[in-house]
Every structure is written in structure tokens, then in C-alpha cells.
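Read through the structure below, which is laid out as C-alpha cells, and then see the notes.
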Amino acid sequence: MNNIKKYVVLAAGILVVACSQEDKIIDEVFDTVDRGLILRTVTTLSSSYNIFDTTSEWGVTLEVQDEEGGNLLSEVRVFVAFADNSTAGGDLSTSEVAATTLPASAFSTGPFGFPRADLTVSFAEALAATGIDFADIEGGDQFNYRLEAVLTDGRVYTNNAAGTVLGGSFFSSPFAYVSTVVCPPTVPTAGTWTINFQDSFGDGWNDAALLVTIDGSATSYTLDAGSAGSTTFEVPDGAQEISIVFVSGAFDEEVTAQVISANGNTVVDLQPSPAAAAELLDYCLNNL
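Set out below in C-alpha cells:
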């Protein structure tokens, strides 16, 4: 029995020593590791630029989180680079340049007690910062943003922090964002539109068709038989949006077609073996 008591006392002593050593290590970590800061993305205000509107904005709502309730932040520096994703005119992509700065004074206390602020950069401001001419912009081009959080002690945090913090669900703090230049649907010309169909084999479109959707109302048009034919449809006054997609049939390699707007522009020139369900109108041309 005495031996058992000795073992129990010895084990308890070892446990106390081990726990004390662990506590000491944890204390040393807390004493020696610098506390940082994250910029949590609360809301994405806009993730794209409208190619037809230079006042359109990219933006996010940011929340500052640090051990002093956001008081460690001095400013947020914003950098931007242009990524040329078009195939014409050479590669006009740029290196990263400074776009703007968001001072700590721009933040106000949010619902969780941490400072929040909206960060926005207009399309025009992005063009000016990167030096890109508006005429060189095409749909699909991108502006890549990177943020730097500058602390009051001079430390800088950006998108090279720990991945669990950068990509976490609540602590989403990427410090990097992309704004794509998009071409939203444009208002179609009211009046009579024409579709000219061709079939190289001469037996019609074999269940293939063009699906025309005007303000949510869809109608299918096809060539029932023969090598060529035409049909028309009406775009009413006040219509806001039109979409034309190809519906696949049995012999898509035989089909071609042209769609002519009421303004006389050929807005679709369909070639053999078109992709099914893909939008055929190029809204970036603004020619509907």
C-alpha cells in the first residue's frame, strides 16, 4: 500500500511539472509572438465594372480586428494592377500601382464593436491609376486589387498572412480582390428582327433551334425543312433585355444562321457546330 501511495505522489509531481512547463511555453509564446491584424471582408458591395459606365464601382465593406479593438490600424493602402485578358492589340497588362489610401479615421464602430468602413474604387479611378485608355478595355479584362494594412507601429499586413485566416469563413481576410469588366445586357431596338437560317445538307435544322428570350418570355425558332429560310419576331417598345441562345439538334455541323436587329445590324452570325446554351449576343458591342 505504501508503494502505491509513493507512485501516486510521484505521478502527481510529474504531472504538475509537465503542466508548469506547458504553461511556461504558452506564456513565452504570448510574450514573444507579435499580435497582428486582419481586415475581415464583411460584404462585397460590387465585384465588377460595367464597361458602359465609368462611374461604376468595385467595393467591399471591411472590418478591422486586432487585440486593441481596431486601434492598431493606421491606414489601409490599396494597390491595383490591370490584367489584359483580350486577344487583340497585344498584352496591355500593367504592374501594380498605388490606387488610394483609406485612413483609420474613415472607419466607424460596427455592430460587433470593431471598426468598419466601405472601400470603393470607381472604374474611372482604376483606369487613371493604371494608365489604361478606356478604348483599350474589353469585356473580361480585370483589375486586381491588393490591400496593405499599416499598423501604428509600422508593421504591414497583406495577402501573405496565414491561409487559415485569409480564407476562413468568418475571419475572411484575403487582402486581395478581383474586379472583372463586364458587359451587361443592353436595351434592344424595338421593331422587327429577322433570322436567316441555312442548312448545308438541305434537310432543315433537325431539332436544333434559336431560343429568343425577351424580358423573360422565350420563343423557339427553327428551320423545319430545306436548305434555307427566314422568319421574323417583334421586339416591343419598352423591352429591356434580349437573349439568343442555340439549342442543339441532331446535325449541328450543318447549321448556320444570321440574326438582324431592327436597326439593321447583324448581331448574330452563327457558324457550324455552335456551342449549345451559350449566349450568342455580344453585349460588349452595344449594337442591339
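Each residue of the sequence shown is one higher than the one before, counting from 1065 in my numbering. Ideal Cβ positions, reconstructed from N, Cα and C, are used throughout, including at glycine.
DSSP on residue i, reduced to helix/strand/coil?
i: T1283; result: strand
i: A1272; result: coil
i: L1101; result: strand
i: D1316; result: helix
i: A1188; result: helix
i: A1193; result: helix
i: F1143; result: strand
i: V1332; result: strand
i: F1310; result: strand
i: T1165; result: strand
i: D1130; result: strand
i: A1226; result: Because the pLDDT at A1226 is just 41, under 50, the model does not fix this residue reliably, and the point stays unresolved.
i: D1182; result: strand
i: A1339; result: coil
i: D1199; result: Reading the sequence as shown, one finds Ala at residue 1199 and not Asp. Here A1199 sits in helix by DSSP.
i: A1292; result: strand
i: A1326; result: coil
DSSP puts residue i in a beta bridge; with which residues?
i: Y1347; result: None; Y1347 has no bridge partner.
i: A1371; result: Outside the displayed range of the chain (1065 to 1352) lies residue 1371, so it cannot be described from this structure.
i: V1299; result: G1255
i: G1123; result: S1110 and T1184
i: R1210; result: F1143 and A1240
i: N1260; result: S1294 and Q1322
i: D1267; result: G1290
i: L1118; result: Looking at the sequence itself, residue 1118 is Thr, so the reference to Leu does not match. In DSSP, T1118 forms no bridge with anything.
i: L1215; result: L1137
i: S1159; result: Answer is none; S1159 lacks a bridge partner.
i: T1277; result: A1282 and S1307
Residue i to residue j, Cα distance in whole Å?
i: S1186; j: Q1206; result: 13 Å
i: V1332; j: D1263; result: 16 Å
i: I1324; j: T1256; result: 9 Å
i: I1273; j: V1251; result: Going by the sequence as given, residue 1273 is Ala instead of Ile. Taking the straight line joining both Cα atoms gives about 23 Å.
i: A1289; j: I1306; result: 27 Å
i: T1277; j: Y1285; result: 11 Å
i: V1124; j: T1108; result: 4 Å
i: F1146; j: T1216; result: 30 Å
i: A1292; j: G1268; result: 8 Å
i: A1321; j: L1345; result: 13 Å
i: S1172; j: A1193; result: 27 Å
i: P1338; j: L1191; result: 35 Å
i: W1122; j: V1144; result: 12 Å
i: R1210; j: S1110; result: 16 Å
i: T1164; j: V1142; result: 5 Å
i: D1091; j: R1219; result: Here D1091 scores only 42 on pLDDT, less than 50, and its place in the model should not be relied on; the value that follows carries that caveat. So the two alpha carbons sit approximately 23 Å from each other.
i: G1203; j: I1196; result: 14 Å
i: L1103; j: D1117; result: 29 Å
i: G1302; j: P1248; result: 17 Å
i: G1177; j: L1166; result: 19 Å
i: N1208; j: L1287; result: 46 Å
i: L1183; j: E1317; result: 49 Å
i: D1200; j: E1212; result: 29 Å
i: C1348; j: G1100; result: 44 Å
i: S1159; j: V1140; result: 20 Å
i: V1128; j: N1329; result: 52 Å
i: D1155; j: Y1113; result: 20 Å
Would the beta-carbon of residue i fall within 8 Å of that of residue j?
i: V1309; j: A1326; result: no
i: V1214; j: S1138; result: yes
i: F1261; j: S1294; result: yes
i: F1239; j: T1222; result: yes
i: L1275; j: V1311; result: yes
i: T1105; j: L1136; result: no
i: D1271; j: A1341; result: no
i: V1352; j: T1253; result: Reading the sequence as shown, one finds Leu at residue 1352 and not Val. Taking 8 Å as the Cβ cut-off, L1352 and T1253 qualify as a contacting pair.
i: A1162; j: A1170; result: no
Exposed or buried, which one is residue i when buried takes at least 16 other CB atoms within 10 Å?
i: G1134; result: buried
i: E1131; result: exposed
i: D1148; result: buried
i: E1189; result: buried
i: Q1335; result: exposed
i: P1179; result: buried
i: A1152; result: exposed
i: S1243; result: buried
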